[in-house]
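Here's the structure we're looking at; comments come further down.
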Amino acid sequence: MSIRRIVPNIQVEAEERWNTSRDFYGLLGFEEVMDMGWMTTLASPANPTAQISLFTEERTAPVVPDLSVEVEDVDAVYAQVVESGAEIVRELRDEEWGVRRFFVRDPNGRVVNVLTHLP
């Protein structure tokens, strides 16, 4: 099983805090690489897999995940997680922006978004 990247997700309350957070992480060298209106991803120009995502909400799931883990084969990971008995917070499905993902709760109560990019 191959992990491609791990991204911390930060929930922000309003557009003002959204802009403040984006500006703050800009001071650390992050640049905006994706903006979906309700979620934006900031990345390091020197290392594009070093990312942070800011969420005002999660439009296709019941909660904003605490972190995202991009894997090579999300279907295989999903099968292992289901078999383990871990709590599935959101079932596996394809998203219109080109990812296949599911949410699972870790033993500490954190929600993890596990995904792969669709071809």
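Letter by letter, the sequence shown follows residues 31 to 149 in my numbering. Glycine included, every Cβ here is placed at the ideal spot set by N, Cα and C.
Consult DSSP for residue i and reduce its assignment to one of helix, strand or coil.
{"i": "Phe60", "result": "coil"}
{"i": "Glu113", "result": "helix"}
{"i": "Glu46", "result": "helix"}
{"i": "Ser51", "result": "helix"}
{"i": "Asp124", "result": "strand"}
Cα-Cα, which of the options is closest to residue i?
{"i": "Glu126", "options": "Met66, Val101 and Pro92", "result": "Met66"}
{"i": "Pro38", "options": "Pro149, Arg140, Thr146 and His147", "result": "Arg140"}
{"i": "Gln81", "options": "Ser32, Ser98 and Val142", "result": "Ser98"}
{"i": "Glu46", "options": "Thr86, Met31, Glu100 and Val93", "result": "Thr86"}
{"i": "Leu84", "options": "Glu43, Val134, Arg34 and Val144", "result": "Glu43"}
{"i": "Ser114", "options": "Val134, Asp96, Glu102 and Pro95", "result": "Val134"}
{"i": "Pro92", "options": "Asn143, Leu57 and Glu102", "result": "Asn143"}
{"i": "Asn138", "options": "Phe54, Asp96, Thr79 and Trp68", "result": "Asp96"}
{"i": "Ser51", "options": "Thr70, Gln110, Ile33 and Thr90", "result": "Thr70"}
{"i": "Thr79", "options": "Val111, Val112 and Arg35", "result": "Arg35"}
Considering only the beta carbon of each residue, do residue i and residue j sit closer than 7 Å?
{"i": "Asp124", "j": "Arg130", "result": "yes"}
{"i": "Leu57", "j": "Glu100", "result": "no"}
{"i": "Leu148", "j": "Phe132", "result": "no"}
{"i": "Val94", "j": "Glu102", "result": "no"}
* At least 3 beta-carbon pairs within less than 8 Å: the segment 104-111 vs the segment 52-66 -> With a cut-off of 8 Å, the segment 52-66 and the segment 104-111 do not count as touching, because too few Cβ pairs lie within range.
* Evaluate contact between the segment 108-124 and the segment 68-78, counting only Cβ atoms and requiring at least three cross-stretch pairs below 8 Å. => Here the segment 108-124 does not lie against the segment 68-78, with fewer than 3 beta-carbon pairs under 8 Å apart.
* To do: Enumerate, from N- to C-terminal direction, the unbroken beta strand (DSSP E) stretches of 3 or more residues contained entirely within the segment 58-95.
  => 61-65, 69-73 and 81-85
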